[in-house]
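> The following block contains the structure, expressed as C-alpha cells.
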Amino acid sequence: MALTHEQSVEAYRLMKLIRRFEEKCAEHYSAGDIGGFLHLYIGQEAIAAAAKYALRADDNVITAYRDHGVALAKGLEPKRVLAEMFGKATGVCGGKGGSMHLADKAKRFWGGWAIVGGHLPLASGLALADQYSGSDRITLCLLGDGSTNIGYFHESLNLSGVWDLPIIWAVENNQYGMGTAVARASAVEDLTQKAAAYGMPTATCDGMDVIKVMDTLVTAGEHVRAGKGPYFLVIDTYRYRGHSMGDPERYRTPEEVEKEKLNDPVERWAKHLIDQKIAAEEEIEAMNKEADATVAAAVEFAQTSPFPAPEELYTHVTA
Amino acid sequence: MSLPNAETVTKTYREAISDALWEEMERDEKIFIMGEEVGVWGGTYAVTRGFYDHFGEKRVRDTPIAEQAIVGAATGAAMNGLRPVAEIMTINFAFLALDALVNHAAKAHYMFNGQFTVPMVVRTTTGGGRQLGATHSHSPEHLFATFPGLTVAVPSTPADAKGMLKTALRGDNPVLFVEHSTLYQTRGEVPVADYTIPMGKADIKRAGTDVTLVSYSKMAQVSMDAAKLLEADGISAEVVDLRCLRPLDTSLVIESFKKTNHCVVVEEAWALYGVGAEISARIQEEAFDWMDAPVKRVSTADVPLPYSRDLEQSALPDAAKVVKAVKEVLGK
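Going down the list, the protein sequences come from chains D and Y. Okay, so the first sequence: first residue is 1 according to our numbering, each after it adds one. Okay, so the second sequence: first residue is 1001 according to our numbering, each after it adds one.
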C-alpha cells in the first residue's frame, strides 16, 4: 500500500508539527512552564505519522509516557495538548494528567500511561471489548523496548495470543530503556523472539522511514482485522533527545547521536518528497512555517488559559 | 436493608453472591467474568459453578494464572464499554496485581479528567484460619482502601453480599469486592425480590447500650458472637458493621459511640496502620467529649500467620478476645 501524494504531504506536515511541537516543549520546560517529567518524541515521528495512515480513525491507540507525538497524530489539538502540559484547565485532561497522561476518548486515543508496561494489559482489554462486541476495530499498542523485559509484557502478550485479540503490539525500539541499551537489558537483542513464544506473527522494520512503517503496519492490521489474532512489530528508531529532560546521557556519545541524525526521519521524508517531485521546496518551507505558526498559537493558548479552579481538586475521583 | 419487611429465603453467603452474579448477567449482556478457574472448574470456591455451561465461554472466561493481565485487561475492557467481573482467586494474589488495581483502575477516571470510567468488579477472597500458611492467609483489604478511586466492599452476611454486589455490578466505579473464605458456608435471610445495598453505608447488626463493637467482614460475625457472650454477663453491645472500607461511613459509629461512650474495634488484620487506627482517630476527632475510655483494638497478632492449627488460631481475633477487650474498656 502506498501513500497517495496528498497523504505523503500530510505525513510531512504532521511530522514537522510534532518536531516543532517537541522542540517548543523543551524550551518551555526549561522556562518552567511545564513541570514534572517530559519525554520528547524527537526522532520517532515517522512511527506516529505512519500509524495515522495505516489505521482507521476509529481504531484504538494506546501508548506509554512518550505520548505527545502519538496524541497529535491521533488528532488531538496541539493547543490543548500543550495546555495540558502547562497544567491548564483547557488541557485535554483539564490539567490533571500532564505530559505523560494525555488522552481523548472521543478520538479513541486511550492514553498516555506512565508505568512501564502498565498499559499493555489495558490494550488487551480494549481489544477484548471490541472483539466481545463484534466490532472490527483494532487496537494499536505502542510500547518501548524497555517494557519487553517486564512481567506485564509477557502476561499481556500471552493473553492476547490465547484469546486471539485484535491487537498490533508495536515496539518503538529507540535502542535504550532510559539509559540502558537493549543488549544490556534484554537477553535477546532481536525482540521479536520474545513474541514468538506467544504464538503470533512478527516483523521488524525501519522506523525512520514513513513508508516502511506504514507498509508494516498495514500488513499487520489486515491480519489483525481479519480476526487472525495479534501481531507483533519491532520498529527500529532512535530518540535524539535524552530519555527525559535532564538526562545526562552518559550512556551514549555525541558522535553516536550525530551519526543517527543523518537518518533523521523528518529530513529524510522532506528529501523524498522533493526528489519524487511530490512537493516543491517552497511547499516544504511553507509547511515548516505553518508548523511554527501552529505551535506559536498553541503556546499563546496555553499561556493565556486559566489554571483549573480549586474545586477541580475533588472532581472525578469517582464516577 | 432496603426491604425490611420483604419476603426472604435462607441462603448461604456463597449462594447469595452466586445469585447476584447470575441475575445481573441475565440482565446485562455487558457483564462477563474472567479469572483463574472461573469457568470449567466452576470457581475455586464454587461461586461460579454452572455459569460456564449456562453463559458460555465468551462470558465466563478462564484465564492464565496472570493477575496483572487479569486486572489490567478487565480495566481496559471496562474503559471500552464492558462490565467485567475479574476474579482474583485470593487477595494474597492481588499483590501481584497491585499496580493494575491502584495505579490504573483506580486512577483512570481522575487522571484523564473523567473521560474514562472503569465499571469493573474485582472479586476476591480474604482471611486466615485455614492453615494455609503465611503467604495465603492475609487480610489486607484496608491497604487497598487507602487509594482514592477504588471502592472496597467487605460484606459479612449473605444479604449484604448480594445487595452490595448488585450495586457494584450496576455502578460505574472499580470495586474490590472482598469475600471472606470462611463465610461461604454461613447462612442468612436474603430478600426474594430484587434489591441493592449502597456502597459506603454502615449497618447496625445488633443494637446495644454499653459498648460499640466496630468491625467488618468475618469479624462482624465474631463481634456478634461476642455480643451474645457479653449479654450473658449483663453487658449490652452494639455491633456496627462497616460493610465498606471505602467509602467509609463512620456516621453510625459516631452516633453509637455517643450513646455507649465505649468502643472496641475488631479487625482481622495487623493493628499497625489499620481500620482500628482509623476508627480510633475518627472517634477522638468527632466524639472526644463522649469518650469514657480509650478505644481498644482486637487485631491479628503482629506476626506472619503460622501453619500449625492452634498456633494460627491463637493469632486471630475471636469472640473470647473481644469479650476480654470489652471488659477492659468498661473496667469490669
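All C-beta atoms in this analysis are idealised placements derived from N, C-alpha and C, irrespective of residue type, glycine included.
Residues of chain D with CB under 7 Å from residue 1064 (chain Y), in chain order?
The residue labelled residue 1064 (chain Y) in the question sits at position 64 within the second sequence. Those are 158, 159 and 162, listed as they occur along chain D.
> What residue does the beta strand (DSSP E) around residue 1035 (chain Y) start on, and which one ends it?
Counted from its first residue, the second sequence places residue 1035 (chain Y) at position 35. Segment 1031-1035, the beta strand (DSSP E) holding residue 1035 (chain Y).
> With a threshold of 7 Å on Cβ separation, who are the neighbours of residue 1152 (chain Y) within its own chain once the five nearest residues in sequence on each side are excluded?
As a working mapping, residue 1152 (chain Y) is identified with position 152 in the second sequence. These residues qualify, in order along the chain: 1141, 1144, 1145, 1176, 1178, 1244, 1245 and 1246.
> Can you confirm whether residue 147 (chain D), when its beta carbon is compared against all beta carbons of chain Y, has any partner nearer than 9 Å?
Here residue 147 (chain D) refers to the residue found at position 147 of the first sequence. False, the Cβ-Cβ gap to chain Y never drops below 9 Å.
> Out of Y:1167, Y:1156, Y:1053 and Y:1182, which has the shortest C-alpha to C-alpha gap to residue 1242 (chain Y)?
On the second sequence, residue 1242 (chain Y) is found 242 positions in, with the first residue counted as 1. Among Y:1167, Y:1156, Y:1053 and Y:1182, the Cα nearest to that of residue 1242 (chain Y) is on Y:1156.
> Under 9 Å, Cβ to Cβ, is there at least one residue of chain D near residue 1092 (chain Y)?
Taking the first residue of the second sequence as position 1, residue 1092 (chain Y) is located at position 92. No - not a single Cβ of chain D is within 9 Å of the one on residue 1092 (chain Y).
> Can you list the residues of chain Y that residue 133 (chain D) reaches, using a CB-CB cut of under 9 Å?
On the first sequence, position 133 is the one that residue 133 (chain D) refers to. Those within 9 Å of residue 133 (chain D) in chain Y are 1030, 1080, 1081 and 1082.
> For residue 1208 (chain Y), which residues in the same chain have their Cβ closer than 6 Å to its Cβ, ignoring the five residues on either side in sequence?
The count along the second sequence starts at 1 and reaches residue 1208 (chain Y) at position 208. Taken in chain order, the residues that qualify are 1236, 1237 and 1238.
> Mark residue 134 (chain D) as exposed unless 16 or more other C-beta atoms lie within 10 angstroms of its C-beta, in which case mark it buried.
Your numbering for residue 134 (chain D) matches position 134 in the first sequence. Classification of residue 134 (chain D): exposed, given that the 10 Å Cβ count is below 16.
> Can you find at least 3 beta carbon pairs, one from the segment 112-120 of chain D and one from the segment 86-102 of chain D, that sit closer than 8 Å?
yes
> How would you label residue 168 (chain D), buried or exposed, when you count the other beta carbons within 10 angstroms and need 16 or more for buried?
Looking up residue 168 (chain D) in the first sequence gives position 168. With 16 or more other Cβ atoms within 10 Å, it is buried.
> Between Y:1301, Y:1055, Y:1254 and Y:1300, which lies nearest to residue 1279 (chain Y) when the distance is taken from Cα to Cα?
The residue you call residue 1279 (chain Y) lines up with position 279 of the second sequence. The residue with the shortest Cα to Cα distance from residue 1279 (chain Y) is Y:1254.
> Since residue 42 (chain D) and residue 239 (chain D) should fall inside the 8 Å C-beta cutoff, what is the C-beta to C-beta distance between them, to a whole number of angstroms?
Residue numbering aside, residue 42 (chain D) sits at position 42 when the first sequence is read from its first letter. Residue numbering aside, residue 239 (chain D) sits at position 239 when the first sequence is read from its first letter. The C-beta distance from residue 42 (chain D) to residue 239 (chain D) rounds to 6 Å, short enough to meet the 8 Å contact threshold.
> Are the CB atoms of residue 316 (chain D) and residue 1109 (chain Y) nearer to each other than 9 Å?
Here the question's residue 316 (chain D) lines up with position 316 in the first sequence. Here the question's residue 1109 (chain Y) lines up with position 109 in the second sequence. Yes, these two residues count as a Cβ contact at 9 Å.
> Please say whether residue 19 (chain D) and residue 266 (chain D) have beta carbons closer to each other than 9 Å?
Taking the first sequence and counting its residues from 1, the one referred to as residue 266 (chain D) is at position 266. Taking the first sequence and counting its residues from 1, the one referred to as residue 19 (chain D) is at position 19. Yes, the Cβ-Cβ distance between residue 266 (chain D) and residue 19 (chain D) is below 9 Å.
> So what's residue 21 (chain D) in DSSP terms, helix, strand or just coil?
The count along the first sequence starts at 1 and reaches residue 21 (chain D) at position 21. The answer is helix: DSSP assigns residue 21 (chain D) an H, G or I state.
> I'd like the span of the alpha helix (DSSP H) that includes residue 219 (chain D), first residue to last.
Translated into positions along the first sequence, residue 219 (chain D) becomes position 219. Residue 219 (chain D) -> alpha helix (DSSP H) spans 210-225.
> Please check if any C-beta of chain D sits within less than 9 Å of the C-beta of residue 1002 (chain Y).
To locate residue 1002 (chain Y), count along the second sequence from 1; it is residue 2. Note that residue 1002 (chain Y) scores a pLDDT of 47, beneath 50, so its modelled location is shaky; the value from the coordinates is reported in the next line. Closer than 9 Å: no.
> What residues are listed by DSSP as bridge partners for residue 1333 (chain Y)?
Past the boundaries of the shown model lies residue 1333 (chain Y); chain Y is included only from 1001 to 1332, so the question cannot be answered.
> With distances taken Cα to Cα, identify the nearest neighbour of residue 172 (chain D) among D:159, D:220 and D:144.
Start at 1 with the first residue of the first sequence, and residue 172 (chain D) comes out as number 172. That would be D:144, whose Cα lies nearest to the Cα of residue 172 (chain D).
> Which class does residue 1205 (chain Y) belong to by DSSP, given the choice of helix, strand or coil?
In the second sequence, residue 1205 (chain Y) corresponds to position 205, counting from 1. In this structure, residue 1205 (chain Y) counts as strand in the three-state DSSP scheme.
> Let me confirm a value: residue 305 (chain D) is counted as buried when at least 16 other C-beta atoms fall within 10 Å, else exposed. Which label applies?
Counted from its first residue, the first sequence places residue 305 (chain D) at position 305. When all chains shown are included, residue 305 (chain D) counts as buried.
> Determine, using beta carbons only, whether residue 1030 (chain Y) and residue 1019 (chain Y) come nearer to each other than 9 Å.
The residue labelled residue 1030 (chain Y) in the question sits at position 30 within the second sequence. The residue labelled residue 1019 (chain Y) in the question sits at position 19 within the second sequence. In this structure, residue 1019 (chain Y) does not lie closer than 9 Å to residue 1030 (chain Y) by Cβ.
> Going along chain Y in order, which residues have a C-beta closer than 8 Å to the C-beta of residue 124 (chain D)?
Position 124 of the first sequence, counting from 1, holds the residue named residue 124 (chain D). Residues of chain Y whose Cβ lies closer than 8 Å to the Cβ of residue 124 (chain D) are, in chain order, 1069, 1072, 1073 and 1076.
> Note the first and the last residue of the continuous beta strand (DSSP E) segment covering residue 1145 (chain Y).
For the purposes of this step, residue 1145 (chain Y) is taken as the residue at position 145 of the second sequence. Looking at the DSSP string, residue 1145 (chain Y) is not in any beta strand (DSSP E), and its letter there is neither H nor E.
> Within the continuous beta strand (DSSP E) that includes residue 111 (chain D), where are the two ends?
Here residue 111 (chain D) is taken as the residue at index 111 of the first sequence, counted from 1. Looking at the DSSP string, the run of the beta strand (DSSP E) that includes residue 111 (chain D) is 109-112.
> Which residues in chain D sit within 8 Å of residue 1262 (chain Y), going by Cβ to Cβ distance?
Walking along the second sequence from the start, residue 1262 (chain Y) turns up at place 262. Counting only Cβ-Cβ distances below 8 Å, residue 1262 (chain Y) has no contacts in chain D at all, with the closest Cβ about 34 Å away.
> With DSSP collapsed to three states, give me the class of residue 1060 (chain Y).
Counted from its first residue, the second sequence places residue 1060 (chain Y) at position 60. Residue 1060 (chain Y): strand per DSSP, three-state reduction.
> Going by Cα to Cα distance, which pick from Y:1323, Y:1286 and Y:1329 is closest to residue 1296 (chain Y)?
Sequence index remark: in the second sequence, residue 1296 (chain Y) carries index 296 (1-based). The residue with the shortest Cα to Cα distance from residue 1296 (chain Y) is Y:1329.
> Between residue 218 (chain D) and residue 75 (chain D), what straight-line distance do the alpha-carbon atoms span, to the nearest angstrom?
In the first sequence, counting from the first residue as 1, residue 218 (chain D) sits at position 218. In the first sequence, counting from the first residue as 1, residue 75 (chain D) sits at position 75. Looking at the two C-alpha atoms, the distance is approximately 19 Å.
> Evaluate residue 1005 (chain Y) with the Cβ neighbour count: other Cβ atoms within 10 Å of its Cβ, from every protein chain shown; 16 or more gives buried, anything less gives exposed.
As a working mapping, residue 1005 (chain Y) is identified with position 5 in the second sequence. Exposed, since its Cβ has fewer than 16 Cβ neighbours within 10 Å.
> Determine, for residue 110 (chain D), whether the minimum Cβ-Cβ distance to residues of chain Y falls below 9 Å.
Sequence index remark: in the first sequence, residue 110 (chain D) carries index 110 (1-based). Yes, contact with chain Y.
> To the nearest angstrom, how far is the alpha carbon of residue 1187 (chain Y) from that of residue 1166 (chain Y)?
Along the second sequence, read from residue 1 onward, the residue named residue 1187 (chain Y) stands at position 187. Along the second sequence, read from residue 1 onward, the residue named residue 1166 (chain Y) stands at position 166. Approximately 19 Å, taken between the alpha carbons.
> Closer than 6 Å by C-beta to residue 1002 (chain Y): which residues in its own chain qualify, once you throw out the five before and the five after it? Chain order, please.
To locate residue 1002 (chain Y), count along the second sequence from 1; it is residue 2. Per-residue confidence for residue 1002 (chain Y) stands at a pLDDT of 47, beneath the threshold of 50, marking its modelled position as unreliable; the derived number appears in the next sentence. These residues qualify, in order along the chain: 1195.
> Determine the burial state of residue 5 (chain D): buried for a count of at least 16 other Cβ atoms within 10 Å of its Cβ, exposed for fewer.
Locating residue 5 (chain D) in the first sequence gives position 5, where the first residue counts as 1. Here residue 5 (chain D) is exposed, its C-beta having fewer than 16 other C-beta atoms within 10 Å.
> On the CB-based measure, 16 or more other CB atoms within 10 Å of its CB, does residue 131 (chain D) come out buried or exposed?
Within the first sequence, residue 131 (chain D) is the residue found at index 131, counting from 1. With 16 or more other Cβ atoms within 10 Å, it is buried.
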